[in-house]
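These notes are about the structure you will find just below.
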Amino acid sequence: MGGHDRERCGENKSASPKRFCRVGSPGRYHLLGRSGQVGVAPVSFKTDAAIGVGSPMKEKFEYLLARFFISLFQVLPYRVAVEGGALLGRLFYLADRRHRAVAQVNLNVALGKERSERERKRIAVAAFENLGRTVVEFAWVQGKPAAEMMGRTTFEGIEHYEAAIREQKGVVILTAHFGNWEWMGMSISLLGTRMNVVARPLDNPDLNRMVNAWRERFGNRVLNKRTSAAELLRLLRAGEVVGILLDQNTAPGEAVFVDYFGRPAATHKGLAVLALRTGAAVLPTFIVREGSRHRVLIEKRLEIVRTGDLERDLTEATALFTRTIEAAVRRYPDHWLWVHRRWKTQEQKKR
7 MGGHDRERCG ENKSASPKRF CRVGSPGRYH LLGRSGQVGV APVSFKTDAA
57 IGVGSPMKEK FEYLLARFFI SLFQVLPYRV AVEGGALLGR LFYLADRRHR
107 AVAQVNLNVA LGKERSERER KRIAVAAFEN LGRTVVEFAW VQGKPAAEMM
157 GRTTFEGIEH YEAAIREQKG VVILTAHFGN WEWMGMSISL LGTRMNVVAR
207 PLDNPDLNRM VNAWRERFGN RVLNKRTSAA ELLRLLRAGE VVGILLDQNT
257 APGEAVFVDY FGRPAATHKG LAVLALRTGA AVLPTFIVRE GSRHRVLIEK
307 RLEIVRTGDL ERDLTEATAL FTRTIEAAVR RYPDHWLWVH RRWKTQEQKK
357 R
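For the working numbering, count along the sequence shown from 1 and bump the result up by 6.
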């Protein structure tokens, strides 16, 4: 960022590492950080569990083990492979007490007044099965022709996407760890426009290279979640598409607290800044599993209010994005990643 921006925002050394400043005329927004970075939710199979980086030997073993199982699933017929993934998900539910407990607590918080204990357990098991299917399906489709993926995918609301592309003001695909989000990203790239996917790198570098190659196979580009705000702004102003998952817990300095299932949830405000500064169309997009097929639901662009009040506009836009995700999760609760501690920062704040 230039010195002019720093002068307007001040040089307060004790300020939060990331801060939002109004630059120039009223209603113009700027995102500043230690290096002008914007962090966003990861596109990753990893949950909030702390997984340390291992030794090179351990990482190589993990990679080779993963390749073995991937090769096994890739030679199986689709239905056999995917149901094998569901079985793995059920086994994960039974064996992993910690993540099972997180899912149960989250479901109690979100749906405790609406669903019975039996229903909440069914949703938890189905969500674990969905995660297993997602991992296996993402591996299975690699090496298959694009026609195989598109033959199992239908699009609803594609006119909203095409209209936003024609405006050439940039498009943000707002989504979540929902259904097979990896399949959704790959299938959208086959509509003819590259999507820039913001993702957290996996801790294992070999696995990270493999997974990113999969994501980029049909033309998408993976951006590190620490990609600078300036780069994301440049892409949107050039009329490109950026995909962001906004359903993960965020550190207090980068977040605003907005309602999610009736409880304040720390949510990253970077997407709100991008939308406010560029005027890019924000299209909520979710993928729904329908037997052996997928349906990608592209909703109408969200109407973002600009009052010129920085904090209010950021909070209201982020709240709108979060309400939209909640609505999708309410419709298909077994599609969401309940093993993530969505209210973690809020919990720490209360201690």
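Beta carbons: idealized from backbone N, C-alpha and C, even for Gly.
What residue range is occupied by the uninterrupted beta strand (DSSP E) comprising D253?
-> Here residue 253 refers to the residue found at position 247 of the sequence shown. First-last for D253: undefined, no H or E at that position.
Assign K231 to buried or exposed, taking buried as 16 or more other Cβ atoms, counted over all protein chains shown, within 10 Å of its Cβ.
-> Your numbering for residue 231 matches position 225 in the sequence shown. Result: buried.
Can you give, in chain order, each stretch of the beta strand (DSSP E) that sits fully within the segment 217–244 and has at least 3 residues?
-> 227–230
Taking all protein chains shown into account, do 16 or more other C-beta atoms lie within 10 angstroms of the C-beta of T313, making it buried, or fewer, making it exposed?
-> Indexing the sequence shown from 1 puts residue 313 at position 307. Result: exposed.
Which residues in the same chain as W189 place their Cβ atom closer than 8 Å to its Cβ, once the five residues preceding and following it in sequence are excluded?
-> Taking the first residue of the sequence shown as position 1, residue 189 is located at position 183. T140, E143, F144, V147, M155, T159, I293, H300, listed in sequence order.
Is it a yes or a no for the segment 181–201 touching the segment 273–286, going by three-plus beta-carbon pairs under 8 Å?
-> no
What did DSSP end up calling Y338 once you bin it into helix, strand or coil?
-> Counting from one through the sequence shown, the residue named residue 338 turns up at place 332. Coil, per DSSP.
Classify A182 as helix, strand or coil using the three-state DSSP reduction.
-> Here the question's residue 182 lines up with position 176 in the sequence shown. If DSSP states are grouped into helix, strand and coil, A182 belongs with coil.
N-terminal and C-terminal residue of the beta strand (DSSP E) that L289 is part of | Walking along the sequence shown from the start, residue 289 turns up at place 283. According to the DSSP assignment, L289 belongs to the beta strand (DSSP E) that extends over 287–296.
Determine, using beta-carbon pairs with one atom in the segment 77–97 and one in the segment 231–244, whether at least three such pairs fall under 8 Å.
-> no
Note down the Cα distance separating K127 from N136, rounded to an integer number of angstroms.
-> As a first step, residue 127 must be located in the sequence shown, where it is residue number 121. As a first step, residue 136 must be located in the sequence shown, where it is residue number 130. So the two alpha carbons sit approximately 14 Å from each other.
So, helix, strand or coil for N210, using DSSP?
-> Counted from its first residue, the sequence shown places residue 210 at position 204. DSSP places N210 in coil when its eight states are reduced to three.
If you count every other CB in all the chains shown that lies within 10 Å of the CB of Q174, and 16 or more means buried, which is it?
-> One-based indexing of the sequence shown puts residue 174 at position 168. Q174 is exposed by the Cβ-count criterion.
May I ask which residues mark the beginning and end of the alpha helix (DSSP H) holding R312?
-> Here residue 312 refers to the residue found at position 306 of the sequence shown. That residue, R312, is in no alpha helix (DSSP H); it is neither H nor E in DSSP.
How is V111 classed by DSSP in three states: helix, strand or coil?
-> One-based indexing of the sequence shown puts residue 111 at position 105. If DSSP states are grouped into helix, strand and coil, V111 belongs with the helices.
Does the separation of the CB atoms of E305 and T330 fall below 9 Å?
-> Within the sequence shown, numbered from 1, the residue matching residue 305 stands at position 299. Within the sequence shown, numbered from 1, the residue matching residue 330 stands at position 324. Against a cut-off of 9 Å, the Cβ pair of T330 and E305 comes out as a contact.
Closer than 8 Å by C-beta to G149: which residues in its own chain qualify, once you throw out the five before and the five after it? Chain order, please.
-> As a position in the sequence shown, residue 149 is number 143, starting the count at 1. Q80, listed in sequence order.
Could you work out which residue in A333, N210, T328, A244 is closest to A261 when comparing CA atoms only?
-> In the sequence shown, counting from the first residue as 1, residue 261 sits at position 255. Here the closest residue by C-alpha is T328.
Grouping DSSP H, G and I as helix and E and B as strand, with all else coil, what is R269?
-> Your numbering for residue 269 matches position 263 in the sequence shown. The answer is strand: DSSP assigns R269 an E or B state.
Can V247 and V178 be called in contact, C-beta distance under 9 Å?
-> Your numbering for residue 247 matches position 241 in the sequence shown. Your numbering for residue 178 matches position 172 in the sequence shown. The answer is yes: Cβ separation under 9 Å.
Just the C-alpha distance for N218 and R206, rounded to the nearest angstrom, thanks.
-> Position 212 of the sequence shown, counting from 1, holds the residue named residue 218. Position 200 of the sequence shown, counting from 1, holds the residue named residue 206. Rounded to the nearest whole angstrom, the C-alpha separation of N218 and R206 is 10 Å.
Got a sec? Which residues, its chain only, sit under 7 Å from R85 by beta carbon, not counting five neighbours each side?
-> Counting from one through the sequence shown, the residue named residue 85 turns up at place 79. The residues are S298.
According to the Cβ coordinates, are R295 and N186 closer than 9 Å?
-> Taking the sequence shown and counting its residues from 1, one reaches residue 295 at position 289. Taking the sequence shown and counting its residues from 1, one reaches residue 186 at position 180. Yes, Cβ-Cβ distance for R295 and N186 is below 9 Å.
Within the segment 107–164, note down every full beta strand (DSSP E) run reaching 3 residues or more, in order along the chain.
-> Fully enclosed beta strand (DSSP E) runs of 3 or longer: 159–162.
State the CB to CB distance for the pair L303 and G191, rounded to an integer number of angstroms; the pair is presumed to be in contact (CB under 8 Å).
-> To locate residue 303, count along the sequence shown from 1; it is residue 297. To locate residue 191, count along the sequence shown from 1; it is residue 185. Between G191 and L303 the Cβ distance is about 14 Å, and since that is not below 8 Å, they are no contact.
Is it right to say A182 is buried, meaning 16 or more other beta carbons lie within 10 angstroms of its own, or is it exposed?
-> As a position in the sequence shown, residue 182 is number 176, starting the count at 1. That one is buried.
Using the rule of at least 16 other Cβ atoms within 10 Å of the residue's Cβ for burial, across every protein chain shown, is P83 buried or exposed?
-> In the sequence shown, residue 83 corresponds to position 77, counting from 1. Exposed, because fewer than 16 other Cβ atoms sit within 10 Å of the Cβ of P83.
So which of D319, E68, T291 has the shortest CA-CA distance to E165?
-> Mapped onto the sequence shown, residue 165 falls at position 159. Of D319, E68, T291, the residue nearest in Cα terms is T291.
Give the DSSP-derived three-state secondary structure of V88 in the structure shown.
-> As a working mapping, residue 88 is identified with position 82 in the sequence shown. Three-state result, V88: helix.
Beta carbon of G176 nearer than 9 Å to that of G249 | Against the sequence shown, residue 176 aligns to sequence position 170. Against the sequence shown, residue 249 aligns to sequence position 243. Contact flag unset, no.
Have a look at A170, A287, L282, R337 and flag the residue whose alpha-carbon is nearest the alpha-carbon of D319.
-> Here the question's residue 319 lines up with position 313 in the sequence shown. With distances taken between Cα atoms, D319 lies closest to L282.
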